[in-house]
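Asker: Input: one structure, supplied below.
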Amino acid sequence: MKVDLHCHSTASDGALSPAEVVRRAHGRGVRLLALTDHDTLAGLPEAQAASAELGIELINGIELSALWSGATVHVLGYAFACDAPALCQALAALHEGRWQRAGEIARRLAGKGMDGALEGARAVQRELGDSDNAPARPHFAEFLVRAGHARDRAEAFQKWLGAGKLGDVKQYWPSLDQAVATLRAAGAWISLAHPWHYDFTRSKRRRLVGDFIHAGGHALEVSNGLQPAEQVGSLAILVREFGLLASAGSDFHAPDTWSELGLYRPLPDDLPPLWMRFAHVRHCAVL
1458 MKVDLHCHST
1468 ASDGALSPAE
1478 VVRRAHGRGV
1488 RLLALTDHDT
1498 LAGLPEAQAA
1508 SAELGIELIN
1518 GIELSALWSG
1528 ATVHVLGYAF
1538 ACDAPALCQA
1548 LAALHEGRWQ
1558 RAGEIARRLA
1568 GKGMDGALEG
1578 ARAVQRELGD
1588 SDNAPARPHF
1598 AEFLVRAGHA
1608 RDRAEAFQKW
1618 LGAGKLGDVK
1628 QYWPSLDQAV
1638 ATLRAAGAWI
1648 SLAHPWHYDF
1658 TRSKRRRLVG
1668 DFIHAGGHAL
1678 EVSNGLQPAE
1688 QVGSLAILVR
1698 EFGLLASAGS
1708 DFHAPDTWSE
1718 LGLYRPLPDD
1728 LPPLWMRFAH
1738 VRHCAVL
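What follows is the structure, given as structure tokens:
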């Protein structure tokens, strides 16, 4: 059975609607899928309706942003109760924070003569699908290109939106402990997303894993898309050493040659897969 426990839709920063993600996953042979949009559950009802039509098993999923040692990290939650009060409260706060961040990005750009950024980024976002979430930096980047302020998205990030630039507005994220506690309160299985993507030394990454376990985490995302095989091997060593579960996913955002649904390096055979623990899968009600 092909599994993908990490993908995104237009409910956050993906290019396809939740239903399109499910249909594409099904067409690529995925039979167990988790939609893990950033800090929102908004795409799950649509995804569940599509999965019911196609006979693909959909797991409740989310990717929560968190702060650890001054850096932003991400934790993935699965098979949780969508109506858990702690989760609902946390997501409401994150939703409001993302809108405040988008407004501040627009204000900073307007100060440099680039007016209408929030409305323009929102228009870009709506072209991709219906979402009540705030536009993210990729949407602002596309606006800057269309408005003639940048040649392409890469230049938009290089000049205005990338790390340390004018539009790099920091947002308050909950601590790693708080994010894990929120997911545990909802009955989630919890994985540390793409541990090798963070710009950490080996010793700092190991410390992150230790703190994640201490907070109550269950698994590491050992395979994230087509990351180098040696990274998969190093993360597998940590799973064995700490007695963790292993997870895997494409981290799909849009169709391309690197990130495609169901496409990731295989887990080593001796690692215990996280998805084998999904004995009682919860679904969010379709509204």
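Reading the sequence shown from the start, the letters are residues 1458 to 1744 in my numbering.
For every residue, glycine included, the Cβ atom is placed at its ideal position computed from N, Cα and C.
How big is the Cα-Cα spacing for residue 1567 and residue 1487?
Answerer: 44 Å
Asker: Less than 8 Å between the C-beta atoms of residue 1543 and residue 1562, yes or no?
Answerer: No, the pair does not count as a contact, with Cβ atoms beyond the cut-off.
Asker: Report the option in 1686, 1462, 1591, 1671 whose CA atom is closest to the CA atom of residue 1551.
Answerer: Looking only at 1686, 1462, 1591, 1671, the smallest Cα-Cα distance to residue 1551 is reached by 1591.
Asker: For residue 1717, count neighbouring C-beta atoms within 10 Å of its own C-beta (all shown protein chains included) and say buried if the count is 16 or more, exposed if not.
Answerer: buried
Asker: Taking residue 1499 as the reference, which of 1476, 1647, 1729 has the closest Cα?
Answerer: 1476
Asker: For residue 1531, count neighbouring C-beta atoms within 10 Å of its own C-beta (all shown protein chains included) and say buried if the count is 16 or more, exposed if not.
Answerer: buried
Asker: By the 10 Å Cβ neighbour count, where 16 or more other Cβ atoms means buried, how is residue 1468 classified, buried or exposed?
Answerer: buried
Asker: What span of residues does the alpha helix (DSSP H) with residue 1676 cover, start to end?
Answerer: Counting along the chain, residue 1676 falls outside any alpha helix (DSSP H), though it belongs to the beta strand (DSSP E) covering 1676-1681.
Asker: Since residue 1554 and residue 1629 are thought to touch, with beta carbons under 8 Å apart, how far apart are those beta carbons, to the nearest angstrom?
Answerer: 6 Å
Asker: Between residue 1698 and the rest of its own chain, which residues show a CB-CB distance below 8 Å, the 5 nearest in sequence each way excluded?
Answerer: By the criterion of a C-beta distance shorter than 8 Å, residue 1698 is surrounded by no residue of its chain, once the five residues flanking it on both sides are discounted.
Asker: Tell me whether residue 1606 sits in a helix, a strand or coil according to DSSP, three-state version.
Answerer: coil
Asker: Along the chain, where does the alpha helix (DSSP H) containing residue 1661 start, and where does it finish?
Answerer: For residue 1661, the enclosing alpha helix (DSSP H) covers residues 1659-1672.
Asker: Pull up the distance between the alpha-carbon of residue 1502 and that of residue 1684, whole angstroms please.
Answerer: 31 Å
Asker: Closest by CA to residue 1513, which one among 1480, 1624, 1675?
Answerer: 1480
Asker: If you compare alpha carbons, which of 1601, 1704, 1560, 1674 is closest to residue 1635?
Answerer: 1674
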